[in-house]
Amino acid sequence: MDKARASAAEAVADICDGASLAVGGFGLSGIPDVLIHALHAQGATDLKVVSNNCGVDGRGLGVLLTDGRIARVTGSYVGENKEFARQYLSGELEVELVPQGTLAERLRAGGAGIPAFYTPAGVGTQVARGGLPWRYAADGTLAVASPPKETREFADRRYVLEHAITTDFALVRAWRGDRDGNLVFRRAAANFNPLAAMAGRVTIAEVEELVEPGDLDPDEVHLPGIFVQRVVPLTPAQAAAKQIEHLRTSASSTRGAVPA
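When we follow this note's numbering, the leftmost residue of the sequence shown carries the number 3, and every step to the right adds one.
Okay, structure coming up:
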């Protein structure tokens, strides 16, 4: 089955209002930026997003957030996005904060068909006890709080039960992919992308290089095509347009210099 699509617009055309999305990336590293912009142009709203973070102001998922198209975020990190904080504190956005490792495992479990698992992360905190503010009211009071979670003891240690995450769609970015949907991720882009891809019922991958079936060595495939339903090949310009949150460089005259 040829899973390649002619454009990102075609690939995201059936994402409807209220859909849930697992989105790969960490900060701006490895984000499916072309698919995000295509979804922004498509117009879907009231989206429920699961992602490590929600981009930054005006970039990544921040594009959808700024236009009020995201209703709920499940993630681990709020920083770098002032609009995210404003919407959350004003009651416009519901937010479920999850320990980063727990979020990764919840996505993986969803893709593996594991309904729930026990973890020591969060035991003895509001993560387990409940009461974390998911949504504020407009006047700043608490409108929706997280519920308490089941805990259980194994070998004299307490664990909290966490539920797997599955979503209607997943948007990810890969370095290379074939028409069967097999994907290879490169360096830091192999962050939440494979996990998000596993969790989506319909996974859409933008790939920097599209190859034919059989061109990828099976040993180099990070995510098998069984988890991927649509592949969008990027143009060279789109593949090269990678954003950096904080660019820090050193003077070339001092790079590699040996102190006297």
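Yeah, the Cβ is synthetic: ideal placement off N, Cα and C, and Gly gets one too.
Quantities reported herein were computed from a predicted structural model and do not represent experimental measurements.
From Ala-21 to Leu-49, what does the alpha carbon distance come to, in whole angstroms? Start at 1 with the first residue of the sequence shown, and residue 21 comes out as number 19. Start at 1 with the first residue of the sequence shown, and residue 49 comes out as number 47. When rounded, the distance between both Cα atoms is 5 Å.
Below 8 Å, can you find three or more Cβ-Cβ pairs linking the region 108-120 to the region 153-172? yes
Backbone secondary structure at Thr-205 - three-state DSSP: Translated into positions along the sequence shown, residue 205 becomes position 203. Three-state result, Thr-205: strand.
Any idea if Ala-24 is buried or exposed, counting beta-carbon neighbours within 10 angstroms, 16 or more meaning buried? The residue you call residue 24 lines up with position 22 of the sequence shown. Buried: at least 16 other Cβ atoms inside 10 Å.
How is the alpha helix (DSSP H) around Thr-76 delimited, first residue to last? The count along the sequence shown starts at 1 and reaches residue 76 at position 74. No alpha helix (DSSP H) holds Thr-76; the beta strand (DSSP E) holding it covers 72-77.
Do Ala-172 and Ala-191 have their C-beta atoms closer together than 8 Å? Within the sequence shown, the letter at position 170 stands for residue 172. Within the sequence shown, the letter at position 189 stands for residue 191. Taking 8 Å as the Cβ cut-off, Ala-172 and Ala-191 do not qualify as a contacting pair.
Within a Cβ cutoff of 6 Å, which residues of the same chain sit near Ala-199, ignoring the five residues on either side of it in sequence? Sequence index remark: in the sequence shown, residue 199 carries index 197 (1-based). Ala-172, Val-174, Thr-205, Leu-225, Phe-229, listed in sequence order.
Straight-line CA distance for Pro-150 to Ala-40? Taking the sequence shown and counting its residues from 1, the one referred to as residue 150 is at position 148. Taking the sequence shown and counting its residues from 1, the one referred to as residue 40 is at position 38. Answer to the nearest angstrom: the Cα atoms are 38 Å apart.
Ignore the nearest five residues each way along the sequence and tell me which others in Gly-60's own chain have a CB closer than 8 Å to its CB. As a first step, residue 60 must be located in the sequence shown, where it is residue number 58. Closer than 8 Å at Cβ, skipping near neighbours: Thr-68.
Consult DSSP for Thr-251 and reduce its assignment to one of helix, strand or coil. As a position in the sequence shown, residue 251 is number 249, starting the count at 1. Note: Thr-251 maps to coil in three-state DSSP.
Report the partner residues of Phe-156 according to the DSSP bridge assignment. The residue you call residue 156 lines up with position 154 of the sequence shown. Looking at the DSSP assignment, Phe-156 forms a beta bridge with Arg-159.
Under the rule that 16 or more other beta-carbon atoms within 10 Å means buried, what is Asp-221, buried or exposed? The residue labelled residue 221 in the question sits at position 219 within the sequence shown. Exposed.
Assign Leu-144 to one of two classes, buried (16 or more other C-beta atoms within 10 Å of its C-beta) or exposed (fewer than that). Looking up residue 144 in the sequence shown gives position 142. Its Cβ having fewer than 16 others within 10 Å, Leu-144 is exposed.
Between Leu-134 and Ala-114, what straight-line distance do the alpha-carbon atoms span, to the nearest angstrom? Position 132 of the sequence shown, counting from 1, holds the residue named residue 134. Position 112 of the sequence shown, counting from 1, holds the residue named residue 114. The alpha-carbon atoms of Leu-134 and Ala-114 are separated by roughly 28 Å.
Glu-12 classed as buried or exposed, judged by whether at least 16 other C-beta atoms fall within 10 angstroms: Walking along the sequence shown from the start, residue 12 turns up at place 10. Looking at its Cβ environment, which holds fewer than 16 other Cβ atoms inside 10 Å, Glu-12 is exposed.
Report the three-state DSSP secondary structure of Glu-94 (helix, strand or coil). Position 92 of the sequence shown, counted from the first residue, corresponds to residue 94. Here Glu-94 sits in coil by DSSP.
Quick check: what's the CA-CA separation for Thr-169 versus Arg-188? Numbered from 1 along the sequence shown, position 167 holds the residue referred to as residue 169. Numbered from 1 along the sequence shown, position 186 holds the residue referred to as residue 188. Taking the straight line from one Cα to the other gives about 24 Å.
Rounded separation between Ile-38 and Glu-107 - CA only: The residue you call residue 38 lines up with position 36 of the sequence shown. The residue you call residue 107 lines up with position 105 of the sequence shown. Cα-Cα distance, rounded: 24 Å.
Please classify Leu-185: is it buried, with 16 or more other beta-carbons within 10 angstroms of its beta-carbon, or exposed? The residue you call residue 185 lines up with position 183 of the sequence shown. By the 10 Å Cβ count, Leu-185 comes out buried.
Are three or more beta carbon pairs between the region 85-94 and the region 123-132 nearer than 8 Å? no
The alpha helix (DSSP H) spanning Val-129 covers which residue range? Taking the first residue of the sequence shown as 1, we reach residue 129 at position 127. That run of the alpha helix (DSSP H) goes 128-131.
Starting from Asp-180, follow its DSSP beta bridges and name the residues at the other end. Stepping through the sequence shown from its first residue, residue 180 is reached at position 178. Asp-180 is bridged to Val-213.
Within 10 Å of its beta-carbon, does Ile-72 have 16 or more other beta-carbons around it, so buried, or fewer, so exposed? As a first step, residue 72 is located in the sequence shown; it is residue number 70 there, counting from the start. Buried is the call here.
Taking C-alpha atoms, which residue in Phe-28, Ser-53, Asn-83, Val-65 lies nearest to Val-36? As a working mapping, residue 36 is identified with position 34 in the sequence shown. It is Val-65.
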